[in-house]
Ligand code: NAP
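Numbering (the working numbering), first residue to last: 794 to 1159.
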């Protein structure tokens, strides 16, 4: 099967580099177009990332290093690549003003180029699915309504949620799927510096320190799960109203891997700790059933040791796509406590975006 040519917008950044690295040996997709800011545009990719290559997923391919970086703001460049058969869809990993990203992603989709985005700009657009492939794969079914409403023929926009919620969203969903209502939860996140992009947080703020604030992150953590757990009605995704979530988000001196300490309260039916472990260990979803290339074989890994999960030891589990949970125990205030961990630039960003693209291909949208 000939590989599908793809473009990466923001290809020189922390997430963009991870896309380039993870797509190097992908069985379905190959990178043929790379774009970034006007600062990088016109340079060879290898020169644009020289001295700032940070992808944990590996190196870039020689051919990608030779690509001339386009200006992501100049749609005509992507349109030419699209017309030449070098860009069937784009992954968007841009970091710029929300309004600018929103307009730009709509322009790409309007030009017939599907956009699979990591940016937050369209997460709250009612007809845009915010996908975690294991949790709400059915939300891709809103795409025909999105296209119809906007008069788009082939283009569409699908986004990923915030990276930190992915450390506990799949475990929560597995419990809900098993029939347990979750009423309330508190979560304290310990988020890696790579989550702030490159160069990110100044080293003097980060070494020997913890920063107890990440702009906008707590609001995202409290709201995004409600849309992901929602359902499609009349061409819009309607959020659920529970669980009620209270989040504390902290930046910690870890390179990759977001940790989340969660306490939750169930509805009247409460599972035992053994039942919770069984639900998580046996959880499988559509990406596993379809055996999608980027899907982890085991989406939730349960660790029994007292001192796991740990970012350095667990973030790379199953292609860095699994969520690792541990310290599963009763809670004195709510019902259950646990610690979740996932790789923020892979599971929480580029790897998750690639998995979404695989799902969308399977569903016939790309
Ligand atoms: P980053 O390292 O700062 O990279 C930003 C990218 O956007 C670079 O390629 C940069 O190009 C490009 N860019 C900046 N200004 C631009 C402009 N005016 N016009 C066109 N392109 C421009 O950021 P990141 O961490 O990769 O994040 C990228 C996106 O993913 C953000 O929306 C972020 O919120 C989201 N995200 C990040 C993570 C994570 O763990 N880091 C996780 C989930 C989601 P130059 O190199 O040419 O400046």
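Cβ atoms here follow ideal geometry from the backbone N, Cα and C, with glycine treated the same way.
Under a Cβ-count criterion, where at least 16 other Cβ atoms within 10 Å of its own Cβ denotes burial, should residue i be classed as buried or exposed?
| i | result |
| --- | --- |
| residue 1096 | buried |
| residue 1013 | buried |
| residue 795 | exposed |
| residue 1006 | exposed |
| residue 1089 | buried |
| residue 1075 | exposed |
| residue 1108 | buried |
| residue 1140 | buried |
| residue 1044 | buried |
| residue 885 | buried |
| residue 1066 | exposed |
| residue 1000 | exposed |
| residue 1034 | exposed |
| residue 877 | exposed |
Quick check on the DSSP output: the beta strand (DSSP E) that includes residue i runs from which residue to which?
| i | result |
| --- | --- |
| residue 847 | Premise fails: residue 847 is in no beta strand (DSSP E) and is neither H nor E. |
| residue 1044 | 1037-1044 |
| residue 1117 | 1116-1123 |
| residue 793 | Absent from the structure is residue 793, since the part of the chain shown begins at 794 and ends at 1159. |
| residue 825 | 822-829 |
| residue 979 | 975-984 |
| residue 857 | Not the beta strand (DSSP E): residue 857 falls in the alpha helix (DSSP H), residues 855-858. |
| residue 1129 | 1129-1135 |
| residue 746 | Not covered by the structure: residue 746. The range shown for the chain is 794 to 1159. |
| residue 996 | Run containing residue 996: none in the beta strand (DSSP E); it sits in the alpha helix (DSSP H), 996-999. |
| residue 1057 | 1051-1059 |
| residue 1029 | 1029-1031 |
| residue 1094 | 1093-1095 |
| residue 951 | 950-952 |
Assuming the contact rule is C-beta atoms closer than 8 angstroms, residue i and residue j should be a hit. Round their C-beta distance to whole Å, please.
| i | j | result |
| --- | --- | --- |
| residue 828 | residue 871 | 7 angstroms |
| residue 887 | residue 865 | 6 angstroms |
| residue 1042 | residue 1015 | Residue 1042 to residue 1015, Cβ: 10 angstroms. No contact. |
| residue 1149 | residue 1050 | The Cβ separation is near 21 angstroms, so there is no contact. |
| residue 1048 | residue 1143 | That belief does not hold up - the Cβ atoms of residue 1048 and residue 1143 are roughly 16 angstroms apart, past 8 angstroms. |
| residue 837 | residue 858 | 7 angstroms |
| residue 1030 | residue 1069 | Their Cβ separation, rounded to whole angstroms, is 28 angstroms, which puts residue 1030 and residue 1069 out of contact at 8 angstroms. |
| residue 1058 | residue 976 | 5 angstroms |
Taking Cβ to Cβ, would you say residue i is nearer than 7 angstroms to residue j?
| i | j | result |
| --- | --- | --- |
| residue 1056 | residue 1130 | yes |
| residue 982 | residue 1092 | no |
| residue 904 | residue 850 | no |
| residue 930 | residue 1152 | yes |
| residue 807 | residue 1024 | no |
| residue 959 | residue 1078 | no |
| residue 880 | residue 800 | yes |
| residue 811 | residue 834 | no |
| residue 805 | residue 843 | no |
| residue 948 | residue 902 | yes |
| residue 882 | residue 1147 | no |
| residue 1145 | residue 1026 | no |
| residue 1053 | residue 1133 | yes |
| residue 1080 | residue 914 | no |
| residue 826 | residue 874 | yes |
| residue 928 | residue 966 | yes |
| residue 973 | residue 1062 | yes |
If I follow the unbroken alpha helix (DSSP H) through residue i, where does it start and stop?
| i | result |
| --- | --- |
| residue 1155 | 1144-1155 |
| residue 1081 | 1079-1082 |
| residue 1075 | 1066-1075 |
| residue 802 | Run containing residue 802: none in the alpha helix (DSSP H); it sits in the beta strand (DSSP E), 797-802. |
| residue 808 | 807-815 |
| residue 924 | Element bounds for residue 924: n/a, residue is neither H nor E. |
| residue 1113 | 1110-1113 |
| residue 1014 | 1010-1021 |
| residue 896 | 891-903 |
| residue 914 | Careful: residue 914 lies outside any alpha helix (DSSP H) and carries neither H nor E. |
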